[in-house]
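Everything below concerns the one structure shown next.
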Amino acid sequence: MGYIKNLDKIKNKKYPEMLQSKSTDEKYIVDEKGIRLRGDFFEKQTRLALKNYDIINPLDIEEYIAMGGYYALEKSIFNLEKKDIIDIVKDSNLRGRGGAGFPTGRKWEGAFRQNTEIKYVICNADEGDPGAYMDRSILEGDPHVIIEGMAIAARSIGASKGYVYVRAEYPKAVKMLTHAIEEAKKYNLLGDNIMGSDFSFDLQIRLGAGAFVCGEGTALIRSIEGKRGMPKSKVYRTTERGLFEKPTVLNNVETFANIPLIINNGADWFKSIGTEDSPGTKVFALVGKVVNAGLVEVPMGKTINEIVLDIGGGCPNNKKIKAVQTGGPSGGCIPERLFDTKVDFISLAKIGSIMGSGGMVVMDEDDCMVDIAKFFMKFTVDESCGKCTPCRIGNRRVLEILERITSGNGEMYDLDLLQELSEVITDTSLCGLGKTATTPVLSSMRYFRDEYETHIKEKSCHAHVCKDLLQYYITERCIGCRLCKRQCPVDAIEGERKERHVIDTSKCIKCNNCLEKCPVKAIILK
């Protein structure tokens, strides 16, 4: 228990001066318990994983300690047995924040029961969802919380080595984490005989090369081993045979960020936040057509309306919200009429979407849902490792059908083919990437089938997004200034000065130059 005195010395030295420096910041309200957020964007949030974000200096370990950092690790080493730690995490019902929502305590217990000397802990920081930056922000703003969470996990299962697998595209996150690891070793919070105990834990960083599929657990493990990042059949759980065929605990950044709080405050405290099945909070990257874009952390069970409207402020320019997509490229498109749905693992699954790692993309009336489905399918096709036929071939066929529809060559039977093919891919793909790849297609067809039918029957895109279905038309407002004619790169516009001009649709390449340059807005899309 002697080490806690050293932590107290740092906290007593740093904490008062931090309170004084932050109390004048208009963003924060400070009391004797710490820093509370205020303002329209912040007051409706409950920040746990992000509690230190934008508050502490991530390059100063003493500021993290001043906010209570490494006390949970000290408690785990000197006050709790390994099984006690696991029981607390199990009782909290913390579910993995990486997407699947598997109970963290059960995963740790599986590794703990393995009778072998070598075990590993891995943090999955390979954040590849378009528009998502939750993990990056925690690594950049509060890297020590990940180190502490991983060390507690290692203590509980009997591991002595860990890896953080982070995208090479996150240079600042890598820099902050590297510095934090060095500082933790200097303060005897990593390395041999941590805090003077018999517990040793070493941590290293492994850089990913940008393959989205390496966010899948078995592909990530193969990448760390120096092999090609491809998923493999899960004959064994990674807690039985994972990295180098040894028992391995693999959790994502946000999951580890919750661990110190649970150890310090207890399972009952954590379960008092959120819902019974999905306790705690969830961090979302709220992006797209929304006024207040940014990182949002709310208790599980908040409705989509509360996140998108109350915190996000709705769509800019008084546009009407059409949908929101949760779960990244593997998530579902949820229509505005279902925005009373609670955001938790069960409720989202019931309406054909997923929690995912926390991406939340807002779409308005100017978005075409067929084009949105095509965008995410193209991403998945590009990122497929190609190992299994349903994902390698099936998803490409789905993309081809969507391209036919958006180019004006779709037929009504394509919709039945899309449905059947998407379901087969879901049922037969090897890993989670393939099994959820067609979720945007299935959900958009379920809730926005009329847009698919309009593309096929009327050869029209009402959102004016699909270029092949658009025609540029010059109205009677034309003043014959000839500016559009001069801007056209293919001479598709004819007309005399001060007379109404005409567009030759057979020549038009739909570059949009004429529409943008017309001074009287006489050119419209039909």
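My numbering applies: residue 10 is where the sequence shown begins, and numbers increase by one.
The beta-carbon is built from N, C-alpha and C at its ideal position, and this holds for glycine as well.
Residue j beta carbon less than 8 Å from that of residue i
i: Val407; j: Leu427; result: yes
i: Leu186; j: Pro152; result: yes
i: Gln54; j: Ile414; result: no
i: Ile190; j: Leu216; result: no
i: Val130; j: Met159; result: yes
i: Val292; j: Glu315; result: no
i: Val379; j: Phe348; result: no
i: Ile465; j: Gly403; result: no
i: Gly289; j: Thr335; result: no
i: Ala266; j: Ile147; result: yes
i: Leu492; j: Cys527; result: yes
i: Leu138; j: Ser362; result: The question names Leu, but residue 138 in the sequence shown is Asp. For Asp138 and Ser362, no; Cβs fall outside 8 Å.
i: Val450; j: Ala382; result: yes
i: Val371; j: Ile410; result: no
i: Thr445; j: Ser431; result: no
i: Gly119; j: Phe111; result: no
i: Gly310; j: Ser287; result: yes
i: Ala194; j: Glu149; result: Sequence inspection shows Lys at residue 194; the Ala mentioned does not correspond to that position. It is not a contact, given that the beta carbons lie outside the stated cut-off.
i: Lys128; j: Pro269; result: no
i: Lys92; j: Gly167; result: no
i: Pro344; j: Tyr461; result: no
i: Leu82; j: Leu259; result: no
i: Asp391; j: Ala472; result: no
i: Gly323; j: Val300; result: yes
Length of the line joining the Cα atoms of residue i and residue j
i: Asn21; j: Ala75; result: 7 Å
i: Ala302; j: Tyr196; result: 38 Å
i: Gly107; j: Glu157; result: 18 Å
i: Asn522; j: Lys298; result: 24 Å
i: Pro308; j: Val529; result: 50 Å
i: Ser515; j: Lys494; result: 15 Å
i: Asp63; j: Glu467; result: 51 Å
i: Lys359; j: Arg458; result: 19 Å
i: Ala294; j: Glu178; result: 18 Å
i: Arg56; j: Ala109; result: 22 Å
i: Cys470; j: Thr312; result: 31 Å
i: Lys36; j: Leu59; result: The predicted position of Lys36 is uncertain, since its pLDDT is 47 and thus under 50; no value can be drawn from it.
i: Thr113; j: Gly226; result: 14 Å
i: Ala261; j: Arg486; result: The question names Ala, yet the displayed sequence has Asn at residue 261. Cα to Cα, the separation comes out at about 57 Å.
i: Arg219; j: Gly238; result: The amino acid occupying residue 219 in the given sequence is Gly; Arg does not appear at that position. The alpha-carbon atoms of Gly219 and Gly238 are separated by roughly 10 Å.
i: Leu536; j: Asn202; result: Any property of residue 536 remains undetermined from this structure, which presents the chain solely from 10 to 535.
i: Arg115; j: Leu103; result: 10 Å
i: Lys351; j: Phe253; result: 40 Å
i: Thr389; j: Ile161; result: 35 Å
i: Ile3; j: Thr264; result: Only positions 10 to 535 of the chain appear in this structure, which leaves residue 3 out of reach.
i: Gly224; j: Ile532; result: 46 Å
i: Asp353; j: His510; result: 55 Å
i: Glu52; j: Pro325; result: 21 Å
i: Glu508; j: Ile488; result: 6 Å
i: Tyr142; j: Gly504; result: 51 Å
i: Ile19; j: Phe210; result: 23 Å
i: Glu412; j: Val333; result: 22 Å
i: Lys243; j: Thr435; result: 17 Å
i: Lys328; j: Asp477; result: 25 Å
Exposed unless 16 or more other CB atoms sit within 10 angstroms - verdict on residue i
i: Glu192; result: buried
i: Pro67; result: buried
i: Lys535; result: exposed
i: Tyr537; result: Since the displayed the chain opens at 10 and closes at 535, residue 537 lies outside it and no answer follows.
i: Thr484; result: exposed
i: Arg164; result: buried
i: Asn61; result: buried
i: Tyr482; result: exposed
i: Val433; result: exposed
i: Arg145; result: buried
i: Asp373; result: buried
i: Val499; result: exposed
i: Ile233; result: buried
C-beta neighbour in chain D for residue i, strict 8 Å
i: Glu249; result: No chain D is present in this structure, which holds just one protein chain.
Requested in this report: Entirely within the segment 221-263 and at least 3 residues each: give me those beta strand (DSSP E) ranges in chain order.
Outcome: 257-261
Query raised in the report: Is it a yes or a no for the segment 338-347 touching the segment 74-92, going by three-plus beta-carbon pairs under 8 Å?
Result: no
Requested in this report: Could you tell me whether the segment 171-181 touches the segment 131-144, where touching means 3 or more Cβ pairs closer than 8 Å?
Outcome: yes
Report task. Report yes or no: do three or more beta-carbon pairs, one from the segment 117-124 and one from the segment 231-250, lie closer than 8 Å? Result -> yes
**Report entry** Any beta strand (DSSP E) of 3 or more consecutive residues that is wholly inside the segment 465-522
**Finding:** 481-483
Query raised in the report: Should the segment 80-92 be called in touch with the segment 189-207, which here means at least 3 C-beta pairs below 8 Å?
Result: yes
**Report entry** Cβ pair count under 8 Å reaching 3, the segment 96-104 against the segment 271-280
**Finding:** yes
Query raised in the report: Is the segment 386-399 touching the segment 427-443 in the sense that three or more CB pairs, one from each, lie closer than 8 Å?
Result: yes
**Report entry** Any alpha helix (DSSP H) of 4 or more consecutive residues that is wholly inside the segment 341-376
**Finding:** 354-359
Query - alpha helix (DSSP H) runs contained entirely in the segment 313-345, provided each spans 4 or more residues - result: none
Query raised in the report: If you scan the segment 432-462 from start to end, which runs of the alpha helix (DSSP H) of 4 or more residues do you find wholly inside it?
Result: 441-445 and 448-456
Query raised in the report: What are the start and end residues of each continuous alpha helix (DSSP H) run of 4 or more residues lying completely inside the segment 51-121, in chain order?
Result: 70-75, 80-87, 91-101 and 113-121
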